[in-house]
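Just below is one structure, and these are the notes that go with it.
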Amino acid sequence: MATGFDSPGRLPAVFTTPGSSSFTEFLTAAAPELLPGRRVLPAGDLSDVAPHATTIVAIAADGGVVMAGDRRATMGNMIASRDIEKVYPADAYSLIGIAGTAGVGLEMIKLFQVELEHYEKIEGTSLTLDGKANRLATMIRNNLGAAMQGLAVIPLFAGFDLDAADLGRAGRIFSFDIAGGIYAEKEFHAIGSGSLFAKAALKKRYTPGLSLEDAAVLAVESLYDAADDDTATGGPDIARGIFPIVMTATAEGTTRLADAETARIAGSIIAERSHHA
Amino acid sequence: MAMQFYASPEQIMRDRSEYARKGISRGRSVVVLTYEGGVLFVAENPSTALHKVSEIYDRIGFAAVGRYNEFENLRAAGVRMADLRGYSYDRRDVNARALANGYAQTLGAIFTEQSKPYEVEICVAQVGATPEGDELYRLTYDGSVGDEPGFIAMGGSAEAISTKLRQGHKHTATLAEALKLATEALGSVGGDGGKPRSLTASQLEVAVLDRRRPGRTFRRIRGAALAQLVAGQSGSAPEAEKEADKPATPADTPMTAGPATSIEPPLSEVDTQPPAAPKKRAPKPPAE
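Protein chains in written order, with our numbering: chain A, 1 to 277; chain B, 1001 to 1288.
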């Protein structure tokens, strides 16, 4: 176990060694057991031992980017959670969502949040949006062993690029593959089990330069379509008042749409689609 | 054969103390004090890149005087310690007392074990829900630690500055009042023939731990906001104070076991720093 953070003695040398601004690199030296992807796993396929998080969509809009995720986690044919949250702010100007093994994914988000904050505090400045995406790719790469055994995690990363010359292109989206490959997506992207259906919906409705408000509606609608055809994606749950999480990243920072607002958007989509009422 | 002269332990420690004190007194001073809206850090520091005041964690700030390379090393160690603790336990489990302990042990070990002590004096401050709940720890080169309620002055002529602060400090002061007191105290020493100096915004490094902000409370006040605060102390309420009126309280901080669910953008960046640049380019209304 790492010493220093709960013992009253002198800080170990690893704390005072100058150089790295990366929290992950520091953890590797100070407490490697806290890193995801460093654990020894039992042999065999582990894909059914833990809940899976499902569909996330991201849409580039005028002046920012919108990311939305449904609220379901599944274990085989069971619903493991109806109200899991899978979209989070990564830092003040970027968003991250995960699909795949929920536990590993949430741990990765937490580590990524600390990684960005740590860099900011040590260096006195933030990483560029591309720098952040590259850090995330490294984390995915380190999880490859676990991914091969069924504990795969795929993130979707999007943010407001403070270095962008043109406000219309400041909202950017990055997708990743299991091996740590990183891909800049132009207009929109979806990941997870329902991504096929969500993307099919998005490609028909997306128009370049749409407003953030329209993008939020489009995101919820694409998740509705994904839930329609994919059992692992949850639709709006009117009875329990559980609705997708929609977040935006703009020049003003990241914001989560209020539940009342997502409820209103979901309500209007349901009304539009109800032909037998 | 070289002759080994005997030096008593008292003499060795005295020499080291004197050496460290000399180094510290050469530098310009830093003042940390509590006010109604949080904890204020004011350093006399013409550099905008090399900071004497920095963020450690959500409610914890760091200020130092002395040798830059030495306190920068301690600052980075503090950030690592706080982030590691927050990552492995919870964000609310990170506190200034544990950090001050770590620093005290480290400085104490360096003082007794190494031939050259650190020529630094540092302050670890934690903002509480009320001014009475603020914690200010002063750590000196030999590892002594003191909990000093209200205010701390460090560096050359710290005694004279402390006296000035003691006369004027009150918990109910506004940000402008606290800053005025701090700049007057800093300016009360080092003038020609003992006359007080008047410090301008460009000579100051100012930051606060904002009591009312949820999450990360540290923000720098610089550029136009600082100039306005330093100069127009009687005029209209400056930007920085308007922000302090936000009704958010620490109790609003979401309590979750998982990742952080909301991260506030750095509101302090109202000057020419990079994060503000697109804001100026983009006077767009935000999504509703």
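A virtual CB, placed ideally from N, CA and C, is assigned to each residue, including glycine.
Unbroken alpha helix (DSSP H) runs of no fewer than 4 residues, entirely contained in the stretch 1081 to 1144 of chain B, are found at 1096 to 1113, following chain order. Annotated three-state conformation of VAL1079(B) is helix, per DSSP. Annotated three-state conformation of ALA215(A) is helix, per DSSP. When the beta-carbon positions are compared, PHE1218(B) and ALA1207(B) come within less than 8 Å of each other.
Nearest in C-alpha terms to ARG1216(B), of all of GLN1203(B), ALA1225(B) and ALA1260(B), is ALA1260(B).
Residue-level contact check: THR1106(B) touches chain A, since one or more beta carbons of chain A fall below 8 Å from its beta carbon.
Taking the beta carbon of HIS118(A) as reference, the chain B residues within 7 Å of it are VAL1079 and ASP1083, listed in sequence order. In this structure LEU202(A) touches ILE59(A) by the C-beta definition: roughly 7 Å separates them, less than 8 Å.
For the stretch 56 to 78 of chain A, residues whose beta-carbon sits nearer than 9 Å to a beta-carbon of chain B comprise ALA61, ASP62, GLY63, GLY64 and VAL66. Assignment of VAL104(A) by DSSP, reduced to helix, strand and coil, places it in the helix class. In the DSSP assignment, LEU129(A) falls within the unbroken alpha helix (DSSP H) covering 129 to 142. ARG264(A) has a beta carbon lying at 8 Å or more from every beta carbon in chain B. Taken atom to atom, the span from the alpha-carbon of ALA1225(B) to that of ALA165(A) is near 26 Å. Residue ARG1220(B) holds the alpha-carbon nearest to the alpha-carbon of LEU1175(B) among THR1163(B), ARG1220(B) and PRO1214(B). For ILE1012(B), the number of other beta carbons within 10 angstroms of its own is below 16, and it is reported as exposed.
Taking 8 Å as the CB threshold, LEU151(A) stays off the interface with chain B. Sequence-distant partners of GLU1148(B) (beyond 5 residues in either direction) whose C-beta falls short of 8 Å from its own C-beta, in its chain, are LEU1136, TYR1137 and ARG1138. Under the DSSP definition of a beta bridge, PHE1041(B) partners with VAL1032(B) and ALA1207(B).
A straight line joining the alpha-carbon of VAL14(A) with that of LEU1074(B) spans about 12 Å. Going by DSSP, PHE1151(B) is part of the beta strand (DSSP E) stretching over 1151 to 1154. Chain B has no Cβ within less than 8 Å of the Cβ of PRO236(A). Residue pairing by DSSP places LEU95(A) opposite PRO89(A) and ALA158(A) in a beta bridge. Counted as a single uninterrupted DSSP element, the beta strand (DSSP E) harbouring ARG256(A) occupies residues 253 to 256. The beta carbon of ALA215(A) sits closer than 7 Å to the beta carbons of ILE59, ALA61 and VAL66 from its chain, once the five residues preceding and following it are set aside; these are given in chain order. Counted as a single uninterrupted DSSP element, the beta strand (DSSP E) harbouring ARG172(A) occupies residues 171 to 176. Annotated three-state conformation of HIS1051(B) is coil, per DSSP.
Under a 10 Å Cβ-count criterion, GLU1018(B) is classified as exposed, with fewer than 16 other Cβ atoms of the shown protein chains found around its own Cβ. LEU129(A) is the residue among ALA200(A), SER47(A), SER22(A) and LEU129(A) whose C-alpha sits nearest the C-alpha of ILE173(A).
Apart from sequence neighbours up to five positions away, the residues of its chain that approach ASP83(A) with a beta-carbon distance below 6 Å are ARG71 and ILE242, ordered along the chain. Secondary structure at ARG1021(B): helix, using DSSP grouped into helix, strand and coil.
Here THR1140(B) really is in contact with GLU1121(B); their C-beta atoms are around 5 Å apart, less than 8 Å.
Only exposed fits ASN1069(B), as fewer than 16 other CB atoms lie within 10 angstroms of its CB.
At the C-beta level, VAL1031(B) and LEU1186(B) come within 8 Å of one another. Bridge partners of HIS52(A) according to DSSP: THR74(A) and THR101(A).
Beta-carbon to beta-carbon, VAL87(A) and ILE191(A) are separated by about 11 Å, too far to satisfy the 8 Å threshold.
By the Cβ-count criterion, THR233(A) is buried, with 16 or more other Cβ atoms from all chains shown falling within 10 Å of its own Cβ.
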